[in-house]
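Numbering follows UniProt numbering, in which position 38 of the sequence shown is assigned residue number 38; successive positions increment by one, without gaps.
Backbone N, C-alpha and C fix where the C-beta goes; we use that ideal spot for every residue, glycine too.
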Amino acid sequence: MSEVTHFPIRHDWTRAEVEALFELPLPELLFRAACAHRQYFDPRQVQVSTLLSIKTGGCPEDCGYCPQAARYHTGVQASKLMDTDAVLEKARQAKAAGATRFCMGAAWRSPKDRDIPKVAEMIREVKALGLETCATLGMLTASQAQALKEAGLDYYNHNLDTDPEYYGSIIHTREVQDRLDTLAHVRDAGLKTCCGGIVGMGESRRQRAGLLQTLANLPAHPDSVPINRLVQVEGTPLHGTVELDPFEFVRTIAVARILMPASMVRLSAGRDTMSDELQALCFLAGANSIFYGEKLLTTGNPDTERDQALFARLGLQPMPVAEAMDDRISACTTTVHAGITEAA
Ligand code: SF4
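In structure tokens:
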């Protein structure tokens, strides 16, 4: 059964193929995912990012999972955009704790043009500390994406959230196409993309397969693929959703690794409720990136010490800054898959 030893970069996955991966016996699925992981990465290394909410709450959108939506009563206090000095202080702390990438998140439907110079200043200053920069600010126009790129932004996060078929059950204030348009602007500006979704929102396995199929069939695989496990927050419409089987979460990670073998697959929201053993299974399934050390936007995240202890127990180490990895990955991709165009 375990014959697959080669994992090309593909953009033509069918739903049936992805569902068939989900259906594999778990040990077989983990074996294949671990092989795919080793084809492109050193499996001992895990990329470490820190995420800071630079503008919290008060968002006009209605994402059914999100405590920052103004319309839900979740106790999140809305705040204004942080000052650059305060952001820089957090970035210095993140770097001292071992993070190599610093992500700045703002609860906006989309930034106003007048917000861009201030965010651009933050990006320039954080970059000057020697950190990679990432931002998640909502929908972007082409010119806004270009301005952020010129400020030195490395990555832009914009998730698809869920299968396009299920999207309308979760979000009503913008369309899947809006998200795809922003991702196109981000790619066109030369930014690296960070794009994934959330599982455990009541979607079916077929719909989880649909999310991963859509991500893998984008014009370029996202450089980072965050796979979030729903954090149920009282006051949001998704509070009370039936919890996803942890093994199904591991399967989702493994299928993401096989479909997008050269991308960083990131354990994101929901990691604080995962046991060390479940996280270890996720690393075996090909996860190779985490957020740590800072509150994950408005939900909890394991503290730095617990993560460092887990890395020590599992024999894992933080991945060095991305430039070296990017070179290695592109060399590997070029060698193994000559002739296949892949921007990731
Ligand atoms: S997920 Fe983002 S866009 Fe949606 S409500 Fe929350 S902050 Fe707003």
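Identity of the residue in the options nearest residue i by Cα
i      : options                           : result
His158 : Met104, His172 and Glu125         : Met104
Tyr292 : Asp272, Cys282 and Ala280         : Asp272
Ala107 : Val126, Glu125, Ala97 and Asp62   : Asp62
Asp83  : Lys112, Tyr72, Ile123 and Ala69   : Ile123
Cys66  : Gly197, Arg266, Asp303 and Asp245 : Gly197
Arg205 : Glu165, Val126 and Ala86          : Glu165
Phe22  : Glu234, Val225 and Leu212         : Leu212
Cys134 : Lys149, Ser143, Leu26 and Ala142  : Lys149
Asp154 : Leu180, Thr162, Leu160 and Val186 : Val186
Arg38  : Ala287, Ala91, Glu277 and Met274  : Ala287
Gln77  : Thr241, Ser110 and Lys55          : Lys55
Leu24  : Glu248, Ser263, Ala142 and Glu243 : Glu248
Trp13  : Ile116, Ser263, Glu203 and Leu215 : Leu215
Pro226 : Ala256, Asp276 and Pro246         : Ala256
Gly75  : Lys112, Arg306 and Val233         : Val233
Arg114 : Thr100, Ala86 and Leu81           : Leu81
Gln144 : Asp161, Leu191, Thr173 and Leu160 : Leu191
Pro8   : Arg174, Ala262 and Gly152         : Ala262
Tyr156 : Ala309, Thr100, Thr136 and Ala142 : Thr136
Leu160 : Cys195, Thr141 and Ala142         : Cys195
Gly57  : Ser79, Arg44 and Pro43            : Ser79
Close-in-space but distant-in-sequence residues of the same chain around residue i (CB under 6 Å, 5 per side omitted)
i      : result
Ala285 : Leu30, Ala33, Val250, Ile253 and Ala254
Arg208 : Val199 and Thr252
Ala119 : The sequence given here places Val at residue 119; Ala does not occur at that position. Hits under 6 Å: none found.
Tyr167 : Val176
His11  : Asn217
His6   : none
Ala343 : For Ala343, the pLDDT reaches just 26, beneath the cut-off of 50, and the residue's location in the model is therefore unreliable, although a value from the coordinates is still provided. Same-chain partners within the cutoff: Ala220.
Tyr72  : Gly235 and Thr236
Leu267 : Cys282, Ala287 and Ile290
Leu296 : Since pLDDT at Leu296 reaches only 48, below the 50 mark, its modelled position is unreliable, and no value is offered.
Leu278 : Pro246
Met260 : Ala216, His221 and Val225
Lys90  : Leu52
Arg109 : Pro60, Glu61 and Gly138
Residue i CB to nearest heavy atom of ligand 1 below 7 Å
i           : result
Ala69       : yes
Ala75       : Position check: residue 75 holds Gly in this sequence, whereas Ala was assumed. Result no, Cβ not under 7 Å from ligand 1.
Cys66       : yes
Arg109      : yes
residue 350 : Absent from the structure is residue 350, since the part of the chain shown begins at 1 and ends at 344.
Glu234      : no
Asp61       : A quick correction: the sequence has Glu, not Asp, at residue 61. Under cutoff, so the answer is yes.
Gly210      : no
Gly190      : no
Gly315      : no
residue 348 : In the structure displayed, the chain extends from 1 to 344; residue 348 sits before or after that span and is not available.
Same chain, Cβ closer than 7 Å to residue i, neighbours up to 5 away in sequence not counted
i      : result
Gly270 : Asn228, Arg229, Leu230 and Val231
Asp178 : Met139
Leu314 : Ala280 and Phe283
Ala69  : Cys59, Glu61, Asp62 and Cys63
Gln146 : Ala189
Arg92  : Leu129
Glu203 : Thr162, Asp163 and Tyr166
Gly152 : Ile123, Arg124, Lys127 and Thr133
Residue i CB to nearest heavy atom of ligand 2 below 7 Å
i     : result
Gly98 : In the structure on display, ligand 2 does not appear, and the ligands it does have are ligand 1.
Sequence-distant residues of its chain with Cβ nearer than 8 Å to residue i (five each side left out)
i      : result
Phe311 : Val46, Gln317 and Pro318
Gly64  : Ser169, Ile170, Ile171, Met201, Thr236, Pro237 and Leu238
Thr304 : Ala97, Gly98, Tyr292 and Gly293
Met264 : Gln47, Asp223, Ser224, Val225, Asn288 and Ser289
Ala16  : none
Leu244 : Val199, Gly200, Arg229 and Leu230
Leu26  : Phe247, Val250 and Arg251
Glu121 : Thr84 and Ala151
Phe142 : Checking the sequence shown, residue 142 turns out to be Ala, not Phe. Here the set comprises His185, Asp188 and Ala189.
Beta-carbon separation (whole angstroms), residue i vs residue j, contact threshold 8 Å
i      : j      : result
Thr193 : Leu180 : 11 Å between Cβ atoms; not a contact.
Val48  : Leu88  : Going by Cβ atoms, the distance from Val48 to Leu88 rounds to 19 Å, so no, they are not a contact pair.
Gly240 : Asp163 : Not quite, the Cβ-Cβ distance comes to about 21 Å (not below 8 Å), so this is no contact.
Ala36  : Ile258 : 5 Å
Task: 4-residue-minimum alpha helix (DSSP H) runs that sit fully inside the segment 58–140, ordered along the chain - done: 84–96 and 116–128
- [ ] Within the segment 193–239, note down every full alpha helix (DSSP H) run reaching 4 residues or more, in order along the chain.
- [x] 205–216
Open item on the list: I'd like the ranges of any alpha helix (DSSP H) spanning at least 4 consecutive residues and lying wholly in the segment 239–323.
Closed with: 246–259, 276–284 and 304–314
Task: Any beta strand (DSSP E) of 3 or more consecutive residues that is wholly inside the segment 146–177 - done: 155–157
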